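The UniProt record's numbering applies: residue 1 is where the sequence shown begins, and numbers increase by one.
Quick reminder that beta carbons are idealized off the backbone N, C-alpha and C, glycines included.
Quantities reported herein were computed from a predicted structural model and do not represent experimental measurements.
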Amino acid sequence: MHQKAQEPLPGCFSASSMATPDCCSCTVSPRTPTPRPTICQVLQAYLTRVIQPLDLTGQIAYGTPTIFGGHADVSRGIWRVHRNQPSVAVKVIRSPAASSTEYELKRYDKRRRREVQVWKRLRHQNIVHLLGTATDFPCRMLQGSPRPVALVSPWMERGNLKDLLSRGSIYSISDLLQLLCGVAEGLNYLHCKSVIHADLHPGNILIHDDGHPCLTDFGQSSINAEFAGTSYFSTTMCAAIRWCAPELIPPQGGVIGFIPRLTSACDIFSFGNVMLQVLSNKLPYYNIERDSYVLISMRNQRPERPPRLSDVHWEFIQSCWGFTPSSRPTAGMVHQSLLTLCNK
């Protein structure tokens, strides 16, 4: 069987370049009490809330949507007024159906505002940068429904991690571990900002043009410090079931009244599944074909060990799958452990 030639692996950096930034060196465990914020932290949080992303209305040449996600469509556009006229990704959250109730319209508007609220505050090499928003995206609207807002970010020519794994190129374990280091570093940054991604899987990890991985898609995310105890915190649940933490799955026969408790440990469980897929090129629960059966299995069992996965890596992945959220490592611990594995 013919194998494709190896292409340069995204995310291949030296261990020193992958070190956790100072601002994220104090990752807080879900079981650690939150310290009282300083005056500077309060001021920074206030400025983050009031400063709006750049308004790019009238500046983008829009293309036809080519990527269709669970709740949004993405098209490739051109930032016309920028001196280099770079390609940009234009994401528009899908409008509600014609039969939508007032509650569903409000929920749509809340989701749209939440993604902007979370995304605009993030600045890190392993997080896709929000360039701005635009309101002149051509689309059909329901009478009385909120005006769709396009979220504009850099276009990633190399696609996402799912695309990378499907190309069939051969990479060394060391290269793959360094890629995972970048994912863990981005996740650590989010948790340092009290942001839970809540939908981590290879389709939401983009590959930057210079090779490093970047987390994206914050439509499901929660901001702990600002929204704990509100619907932002209590009603989100990751959409990709094979990467989802089991505590977010309703008990059998107990869907009504079930409110999932979203914590940073949910992201760690998802990261374990991402790591399993990256190192084995097999989906979590690869031995179970239907997602509905996966849902049943998740309540009492973990993904099966793929062939040719080393004991060290399997044990590390299992540590991310602790049956209780408090038994899982923090993102900072995951990042540091991966750096150690990379240096062996």
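- Assigned with DSSP and collapsed to three states, Asn160 falls in strand.
- In this model, Leu180 and Ser310 are separated by some 16 angstroms (Cα to Cα).
- Residue range 331-342 is occupied by the alpha helix (DSSP H) that includes Thr340, with no beta strand (DSSP E) assigned at that position.
- In this structure, the straight-line span from the alpha carbon of Asn281 to that of Thr57 is close to 41 angstroms.
- Ile93 places its beta carbon less than 7 angstroms from that of Arg112.
- For Ser87, the uninterrupted beta strand (DSSP E) run begins and ends at 87-93, by DSSP.
- If you look at Gly203, you'll find it isn't in any beta strand (DSSP E); DSSP assigns it neither H nor E.
- Take the alpha-carbon of Thr133 and the one of Ala265: they are about 31 angstroms apart.
- With contacts defined as CB atoms closer than 7 angstroms, Pro284 and Asn300 fail to qualify as a contacting pair.
- Annotation: Thr135 to Gly186 spans about 29 angstroms, alpha carbon to alpha carbon.
- Looking at the backbone, the Cα of Arg261 and that of Pro325 are separated by about 10 angstroms.
- Ile60 and Arg80 do touch by the CB rule: their CB atoms are close to 7 angstroms apart, below 8 angstroms.
- In the structure shown, Arg76 adopts extended strand secondary structure according to DSSP, grouped into three states.
- In this chain, Ala198 is not harboured by any alpha helix (DSSP H), its DSSP state being neither H nor E.
- In this structure, DSSP gives Phe269 a helical state, which the three-state scheme calls helix.
- Put simply, the region 198-206 touches the region 148-168. At least three CB pairs are less than 8 angstroms apart.
- Exclusion of the five residues before and after Met156 leaves Ala89, Val128, Leu206, Ile207, His208, Asp209, Cys214 as the residues of its chain whose Cβ lies within less than 8 angstroms of its Cβ.
- By the neighbour-count criterion, in which 16 or more other beta carbons inside 10 Å mark a residue as buried, Gln252 falls on the exposed side.
- For Cys214, the enclosing beta strand (DSSP E) starts and ends at 213-215.
- Non-local C-beta neighbours of Ile249 in its own chain, meaning closer than 7 angstroms and more than five positions away in sequence, comprise Leu295, Met298, Arg299, ordered along the chain.
- Look at Ile67 here: in three-state DSSP terms it is strand.
- With a contact defined as Cβ atoms closer than 8 angstroms, Cys192 and Phe269 miss out at about 19 angstroms.
- Closest option to Leu279, judged by alpha-carbon separation, among Leu177, Glu315, His124: Leu177.
- Ser153: not part of any alpha helix (DSSP H); member of the beta strand (DSSP E) spanning 150-154, first to last residue.
- Collapsing the DSSP output to three states places Gly132 in a strand.
- DSSP places Ala245 outside both helix and strand once states are collapsed to three, so it counts as coil.
- In this structure, the beta-carbon distance from Leu54 to Ala184 does not fall below 7 angstroms.
- For the pair Gly63 and Arg76, the CB atoms are nearer than the 7 angstroms cut-off.
- Excluding five sequence positions before and after Gly182, the CB atoms of its chain that fall closer than 6 angstroms to its own CB belong to Gly11, Asn126, His212, Pro213, given in chain order.
- If you look at Ile317, you'll find it in the alpha helix (DSSP H) that goes 311-320.
- Taking all protein chains in view, the Cβ of Glu289 is surrounded by fewer than 16 other Cβ atoms within 10 Å, so the residue is classified as exposed.
- In this chain, the alpha helix (DSSP H) harbouring Tyr293 covers 291-298.
- Around the C-beta of Tyr171, 16 or more other C-beta atoms lie within 10 Å, and the residue is accordingly described as buried.
- Beta-bridge pairing by DSSP links Asp55 to Thr133.
- Membership of Val81 in any alpha helix (DSSP H) is not indicated, and neither H nor E is assigned to it by DSSP.
- For Leu105, the uninterrupted alpha helix (DSSP H) run begins and ends at 102-119, by DSSP.
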